[in-house]
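Reading the sequence shown from the start, the letters are residues 1 to 256 in the UniProt record's numbering.
These notes are about the structure you will find just below.
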Amino acid sequence: MSLLTVNNISKSFGGNKAVNGVSFDLPAGQLLALLGPNGAGKSTCFNILNGQYRPETGSITFDGHDISGMKPRDIWRLGVGRTFQISATFSSMTVLENVQMALLSRERKLFGLWKPAPSYFREEAMDLLEQVGMAAQAERACGVLAYGDVKRVELAVALSNKPRLLLMDEPTAGMAPKERNALMALTKKLVLEKNMSVLFTEHSMDVVFAFADRMIVLARGQLIAEGDGETIRNHPKVQEVYFGSGKTFEKEGEAS
Ligand SMILES: Nc1ncnc2c1ncn2[C@@H]1O[C@H](COP(=O)(O)OP(=O)(O)OP(=O)(O)O)[C@@H](O)[C@H]1O
1 MSLLTVNNIS KSFGGNKAVN GVSFDLPAGQ LLALLGPNGA GKSTCFNILN
51 GQYRPETGSI TFDGHDISGM KPRDIWRLGV GRTFQISATF SSMTVLENVQ
101 MALLSRERKL FGLWKPAPSY FREEAMDLLE QVGMAAQAER ACGVLAYGDV
151 KRVELAVALS NKPRLLLMDE PTAGMAPKER NALMALTKKL VLEKNMSVLF
201 TEHSMDVVFA FADRMIVLAR GQLIAEGDGE TIRNHPKVQE VYFGSGKTFE
251 KEGEAS
């Protein structure tokens with residue numbers, strides 16, 4: 001059974017149909033890539049899924065709950081996490097404190113602490129940092145970390161809410177190819193270990209073809225293709241949309 005079922009969702013801005021009748025499923029334990037050229041409707045889709053926008057048509061079912069039009073915080077509480085393109089960590093706090101803050105927020109304990117914040121959820125935070133390979137850097141300030149390591153901390157922060165579904169907005173933007181692959185390999189490992197699902201947008205086709213189980217492609221708000229790498233690569237509508245955009249669907253080394 002699908003963890004997420006998106007059925008015919010739409011959202012317009014003025015007369016512009018940013019998302020227009022989009023439907024797809026995401027089973028547990030899968031990484032699904034959401035692709036499409038600039039302005040295709042990917043961010044709008046994400047913003048509908050996490051409750052920032054209410055869909056004008058259709059419905060979204062997550063883990064048996066109809067979440068269409070629910071508030072972002074309530075959707076997050078049901079187990080939909082999100083990572084952002086721009087770093088969402090506090091740079092003056094340590095790696096460990098960032099994760100502890102996230103755990104405190106989950107438990108709604110940010111106010112009225114009766115003992116100093118650093119003593120809360122230390123073990124659980126260290127466990128999360130272990131899972132993302134950042135335990136050794138727990139006491140360093142986030143502001144001094146390498147970019148790829150900040151992304152790992154963000155992943156630990158997102159995992160603190162025990163998400164069943166993680167929405168990742170261009171997780172590897174700004175990363176060198178080696179760092180990208182390491183982050184996505186880690187994400188894939190966590191998806192399998194935790195039986196989570198990930199929906200991610202990504203501009204690097206190498207990352208998509210290497211790590212996504214399945215892909216969906218949007219163009220001008222509509223879903224034009226879905227399937228595995230081979231299907232997407234050879235899909236005439238996808239080729240048409242990407243033709244001349246400077247982005248290609250060849251495997252690395254195949255581009256002429
Ligand atoms: N808040 C907004 N107000 C008005 N128009 C918007 C708004 N957000 C998005 N749009 C429009 O909706 C369409 C889809 O935009 P969206 O940001 O969802 O695309 P995208 O696929 O995420 O693009 P990119 O890859 O460039 O981030 C575009 O035409 C965009 O200009």
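Glycine included, each C-beta is placed from N, C-alpha and C at the ideal position.
Per-residue burial, residue i [other beta carbons within 10 Å of its own, 16 or more giving buried]
| i | result |
| --- | --- |
| Phe46 | buried |
| Thr231 | exposed |
| Arg96 | Contrary to the premise, residue 96 reads as Leu rather than Arg in this sequence. Classification of Leu96: buried, given that the 10 Å Cβ count is 16 or more. |
| Glu139 | exposed |
| Ala40 | buried |
| Ala255 | Because the pLDDT of Ala255 is 40, which lies under 50, any placement of that residue in the model is unreliable, and the number read from its coordinates should be weighed accordingly. The residue in question, Ala255, is exposed, as its Cβ has fewer than 16 Cβ neighbours within 10 Å. |
| Asn195 | exposed |
| Glu123 | exposed |
| Met1 | exposed |
| Pro55 | buried |
| Asn38 | exposed |
| Gly36 | buried |
| Phe209 | buried |
| Phe13 | exposed |
| Gly81 | buried |
Contact set for residue i: own chain, Cβ-Cβ below 7 Å, skip 5 residues either direction
| i | result |
| --- | --- |
| Gln30 | Ser197, Asp213 and Arg214 |
| Val6 | Val22, Ser23, Phe24 and Ile60 |
| Ser204 | Thr172 and Arg180 |
| Lys19 | Checking the sequence shown, residue 19 turns out to be Val, not Lys. Excluding residues within five positions, the ones whose Cβ falls inside 7 Å are Ile9, Ser10, Lys11, Gly41, Thr44, Cys45, Ile48 and Gly221. |
| Leu192 | Gly29 |
| Pro72 | Asn50, Gly51 and Gln52 |
| Ala125 | Leu96, Val99, Gln100 and Leu103 |
| Ile75 | Asn50, Gly51 and Ile67 |
Same chain, Cβ closer than 8 Å to residue i, neighbours up to 5 away in sequence not counted
| i | result |
| --- | --- |
| Leu3 | Leu26, Pro27, Ala28, Phe62, Asp63, Arg164, Leu165 and Ser197 |
| Met93 | Met101, Ala141 and Cys142 |
| Phe84 | Glu154 and Asp169 |
Check your reading: residues with Cβ closer than 6 Å to ligand 1 heavy atoms: Phe13, Asn16, Ala18, Gly36, Asn38, Gly39, Ala40, Gly41, Lys42, Ser43 and Thr44
Please give the ranges of any alpha helix (DSSP H) in the segment 172–210, keeping only runs that are unbroken, at least 4 residues long and fully inside the region. 177–194
Give the list of continuous beta strand (DSSP E) stretches no shorter than 3 residues that lie fully inside the segment 24–89. 31–35, 57–62 and 80–83
Enumerated in chain order, which unbroken segments of the beta strand (DSSP E) with a length of 3 residues or greater are wholly contained in the segment 134–170? 165–169
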